[in-house]
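Here the sequence shown is numbered in UniProt numbering, starting from 2 and rising by one per residue.
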Amino acid sequence: NTKIQVIDKEQVKLEDMKEAAQILKNGGLVAFPTETVYGLGGDGLREDAAKKIYQAKGRPSDNPLIIHIADMDMLGKLVTEIPEKAKLLADKFWPGPLTMIFQKSEKVPLGTTGGLNTVAIRMPNHPIALALIRESNIAIAAPSANTSGRPSPTLAKHVMEDMDGKIEMIIDGGAVGIGIESTIVDMTSEIPVILRPGYITKAMLEEVVGKVEIDKAILSKNIDKNFKPKAPGMKYKHYAPKGDLTIYEGDIEKVVDAINRIAGEKEKEGVKVGIIATEETKDRYKAGNVVVVGSRKNEAEIAQGLYRVLRDFDDMQVEYIYSEGFTSGQLGNAIMNRLLKAAGYQVITV
Ligand code: TXA
Ligand code: MG
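Spelled out as structure tokens, the structure:
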């Protein structure tokens with residue numbers, strides 16, 4: 002059975018991590034909070050631990066894991082080379098919601114990297130995650146702690162829903178801060194390439210290292226041979242609620258009208274409907290179960306609430322979900338990338 006350990010993230014002591022660290026040393030799995038989403042951790046240098054992670058998530062094993070470190074010494078052991086630009090980005094953004102791709106050293110098994118010769122590495126900015134890495138002295142491989150295809154967990158409760166009985170321990174450190182996964186940047190080419198958008202934006206990266214490119218597959222559903230995403234995980238249907246999600250984009254007045262119309266029609270058919278609304282629009286919806294994801298004045302709040310709202314609709318057993326689009330602001334790319342994937346790219350422009 003899965004043990005739950007509650008820890009106050011404001012008062013983390015290394016000794017609180019003893020049991021969790023021991024589980025990792027034995028090759029077992031521990032879910033823990035990071036500042037982005039909850040991670041499902043195992044020893045990143047052991048093939049058997051990686052196998053268990055894939056099994057617990059039901060994740061295809063060609064989809065590589067991110068290794069979490071607590072200091073730059075650990076990085077040196079996992080990669081063959083640290084490019085100058087990566088040093089600059091690490092200085093500026095680590096610990097933080099940035100994952101960088103490097104050429105892997107021999108220490109990192111192919112079982113962790115999905116057969117790739119590169120490895121994804123991140124230094125999380127969360128006292129529990131850092132304490133767990135330090136106490137165990139293990140480079141922790143951790144994908145998001147959700148069942149493959151489901152929304153990533155932003156609360157320990159979400160991890161319980163997906164992982165209860167499948168892993169040894171869950172550390173409950175409360176709600177995460179950011180709510181969407183880290184920005185992934187490939188540092189193996191001269192010009193860094195963003196493979197997954199996140200809280201750290203292109204502009205923030207370019208301020209430190211100059212030109213940065215974006216993998217074209219990120220905001221496109223054209224995942225064909227021209228736009229094959231470089232992060233293998235980006236090709237799978239992902240973050241998906243059980244209900245059928247459609248995004249409505251365009252002038253907000255028209256969006257509200259269109260959602261009201263379709264939600265009304267569906268309800269007449271006797272179907273349960275959910276609506277993802279904002280503080281600004283919530284009172285204007287006349288049908289459906291209206292859930293507020295946040296305020297348009299605070300996009301960080303929308304990022305933080307997105308996965309929770311999708312899971313809440315699962316609990317409510319909603320069959321159809323309609324959402325406003327969120328393209329504006331610094332986080333617009335990151336939020337829309339998740340929402341589009343959750344919707345299987347069903348978008349109606351009004
Ligand atoms: O915020 C996060 O990054 C969270 C927390 C737990 O740290 N982790 C996370 O891991 O989102 P996961 O496994 O759900 O997503 C990892 C992504 C996948 O899309 C995977 O394909 C990509 O990183 N990735 C991992 N290693 C890679 C590599 N060597 N080359 C390209 N993409 C890689
Ligand atoms: Mg994930």
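The beta-carbon is built from N, C-alpha and C at its ideal position, and this holds for glycine as well.
Within the segment 200-288, the runs of alpha helix (DSSP H) that reach at least 4 residues and sit entirely inside it are, in chain order, 203-210 and 253-269. Residue environment: alanine 51 is assigned as buried (16 or more neighbouring CB atoms within 10 Å of its CB, all protein chains considered).
Exclusion of valine 213 from the 7 Å shell around the ligand TXA follows from its C-beta lying no nearer than that to any non-hydrogen atom of the ligand. Here lysine 53 has Leu30 and Gly43 as same chain residues with Cβ atoms under 7 Å from its own Cβ, once five neighbours each way along the sequence are excluded. Exposed is the label assigned to glutamate 85, since fewer than 16 other Cβ atoms lie within 10 Å of its Cβ.
Sequence-distant Cβ neighbours of aspartate 17 in its own chain, meaning closer than 6 Å and more than five residues away, are Ile8. By the Cβ neighbour-count rule, arginine 60 is buried, with 16 or more other Cβ atoms within 10 Å of its own.
Between the ligand TXA and the CB of arginine 151, the shortest heavy atom gap is not smaller than 7 Å. With respect to the C-alpha of arginine 151, the residue from Ile83, Lys342, Val351 and Ala130 having the closest C-alpha is Lys342. When DSSP states are grouped into helix, strand and coil, aspartate 44 belongs to the strand group. Within the same chain, and ignoring the five residues on either side of leucine 46 in sequence, the residues whose Cβ sits closer than 7 Å to its Cβ are Lys108, Val109, Pro110 and Ala140. By the criterion of a C-beta distance shorter than 8 Å, isoleucine 192 is surrounded in its chain by Lys212, Val213 and Glu214, once the five residues flanking it on both sides are discounted. For asparagine 290, the closest C-alpha among the options Phe314, Val210, Thr282 and Ala259 is that of Phe314. Pairing alanine 57 with glutamate 136, the inter-Cα distance amounts to about 24 Å. Ranked by how close their Cα comes to the Cα of asparagine 64, the residues Ile83, Met188, Ala71 and Ala232 have Ala232 in first place. As DSSP reads the structure, glycine 295 sits in a beta bridge with Thr279. Glutamine 305 sits in a helix when the DSSP states are folded into three classes.
Close CB contacts of threonine 81 within its chain, under the 6 Å cut and outside five residues either way in sequence, are with Gln104 and Ser106 (chain order). Taken atom to atom, the span from the alpha-carbon of alanine 130 to that of aspartate 92 is near 19 Å. Between lysine 269 and isoleucine 277, the alpha-carbon positions lie close to 19 Å from each other.
With respect to the 8 Å criterion, alanine 146 and glycine 40 are classified as neighbours on the basis of their beta carbons. Annotated as distal: isoleucine 68 and threonine 189, with beta-carbon spacing of 8 Å or more. Excluding its 5 nearest sequence neighbours in each direction, tyrosine 200 has C-beta neighbours in its own chain below 6 Å: Pro98 and Ile179, listed in chain order. At a cut-off of 3 residues, the continuous stretches assigned as beta strand (DSSP E) that sit fully inside the segment 49-83 are 67-69.
Shown here, phenylalanine 33 sits in a strand according to DSSP, grouped into three states. The Cβ atoms of valine 256 and valine 348 lie no closer than 8 Å to each other.
Secondary structure at arginine 312: helix, using DSSP grouped into helix, strand and coil. In this structure, threonine 155 and glutamine 305 form a Cβ contact; the two beta carbons are roughly 7 Å apart against a cut-off of 8 Å.
Burial check for asparagine 338: the Cβ neighbour count within 10 Å reaches 16 or more, so the residue is buried. DSSP lists Val80 as the bridge partner or partners of lysine 105.
Secondary structure of serine 145 (DSSP, three-state): strand. At least 8 Å separates the beta-carbon of leucine 340 from that of serine 329.
For glutamine 6, the enclosing beta strand (DSSP E) covers residues 4-7.
Collapsing the DSSP output to three states places aspartate 163 in a helix.
Of all alpha-carbon atoms in Pro96, Gln331 and Ile83, the one lying nearest the alpha-carbon of glutamate 300 is that of Gln331. In the DSSP secondary-structure assignment, tyrosine 323 is bridged to Thr247 and Ile276.
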